[in-house]
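Participant: Submitted below is the structure of interest, expressed as structure tokens.
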Amino acid sequence: MVALATPFIYLHFHSTDSKHPFCICSSGIPGGIFAGDIMPGQQEKEKFLKSVRMMFRLPLLLSALTLYSAFGWVAFEMQPQHPDYGGKCYLKNYRKALSFQESWKPSDECMEIRCSGPTTMPDGKAAFSLEYVGCGAVSAMSPCYVTSENPRLSYPECCPQIVCP
């Protein structure tokens, strides 16, 4: 094993085969870990450098997603497929079927439900995955105030807003 260190990147080269060393690389940033084969040659070197660049982009993407989700709540649910709605997500509480990747907002609630795709239950049966997203807690200091949820609007416009006169 060979380890190289830069201020932000640690490259650990492991090899069981001298023709195809394997690299596990980390940046010290959460989510900044990747692994890949390292082979000699210009094309392979370019692939490796592209992987290193991607390693730095992934933490930025994860940070952006974390900030986005910090403004509300997110829940996930796995449901077995309904026999009458094969190939679709069925929301039994709402008696509604959604196509994969389709989003829907219940008319009386300030949230959105998305059919995120087919999956498999732990027992091996066909299922689908649902994502629920809703408003987060909001507070304001005087003279500002927080508006109420307005379920008649689409999500996230229906969420409470901070208003400062």
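Positions 7 to 171 (the working numbering) are the ones given, in order, by the sequence shown. All C-beta atoms, glycine included, are put in the ideal place defined by N, C-alpha and C.
1) From E137, A103, C116, pick the residue whose C-alpha is nearest to that of Q167; which is it?
2) Which residues bound the beta strand (DSSP E) around V80?
3) Spatial neighbours of P149 within its chain, please: C-beta separation below 8 Å, excluding the five flanking residues on both sides.
4) Considering only their Cβ atoms, is the gap separating F134 from T126 smaller than 8 Å?
5) State the DSSP-derived secondary structure class of F28, mapped to helix, strand or coil.
6) Using the rule of at least 16 other Cβ atoms within 10 Å of the residue's Cβ for burial, across every protein chain shown, is V139 buried or exposed?
7) Could you tell me the alpha carbon to alpha carbon distance between L67 and C164, rounded to whole angstroms?
8) Rounded to whole angstroms, what's the CA-CA distance from S113 to G123? Just pull it up for me.
9) Considering only residues of the same chain and omitting the five flanking positions on each side of K102, which have a CB-CB separation below 7 Å?
10) Between K94 and S105, what straight-line distance do the alpha-carbon atoms span, to the nearest angstrom?
11) Within 10 angstroms of its Cβ, does L97 collect 16 or more other Cβ (buried), or is it exposed?
12) What residue does the beta strand (DSSP E) around E115 start on, and which one ends it?
13) Determine the direct distance from the alpha carbon of K131 to that of P89, and round the result to whole angstroms.
14) Whole angstroms is fine: what's the gap from S154's alpha carbon to D129's?
15) Around the C-beta of Y161, are 16 or more other C-beta atoms found within 10 angstroms, so that it is buried, or is it exposed?
Facilitator: Short version:
1) A check of alpha carbon separations from Q167 across E137, A103, C116 identifies C116 as the nearest.
2) Annotation for V80: the continuous beta strand (DSSP E) segment containing it runs 78-86.
3) Non-local C-beta neighbours of P149 in its own chain, meaning closer than 8 Å and more than five positions away in sequence, comprise C170, P171, ordered along the chain.
4) No, the Cβ-Cβ distance between T126 and F134 is not below 8 Å.
5) At F28 the pLDDT is 42, less than 50, meaning the model places this residue with poor confidence; the figure from the coordinates comes in the next sentence. Look at F28 here: in three-state DSSP terms it is strand.
6) V139 comes out buried.
7) Annotation note: pLDDT 47 at L67 (below 50); position unreliable, no value reported.
8) Roughly 23 Å separates the two Cα atoms.
9) Cβ within range, chain order: W110.
10) In this structure, the CA atom of K94 is about 5 Å from the CA atom of S105.
11) Around the beta carbon of L97, 16 or more other beta carbons lie within 10 angstroms, which makes this residue buried.
12) For E115, there is no enclosing beta strand (DSSP E), as DSSP marks it with neither H nor E.
13) P89 and K131 have their C-alpha atoms spaced approximately 12 Å apart.
14) Straight-line Cα distance between these residues: approximately 43 Å.
15) Looking at its Cβ environment, which holds 16 or more other Cβ atoms inside 10 Å, Y161 is buried.
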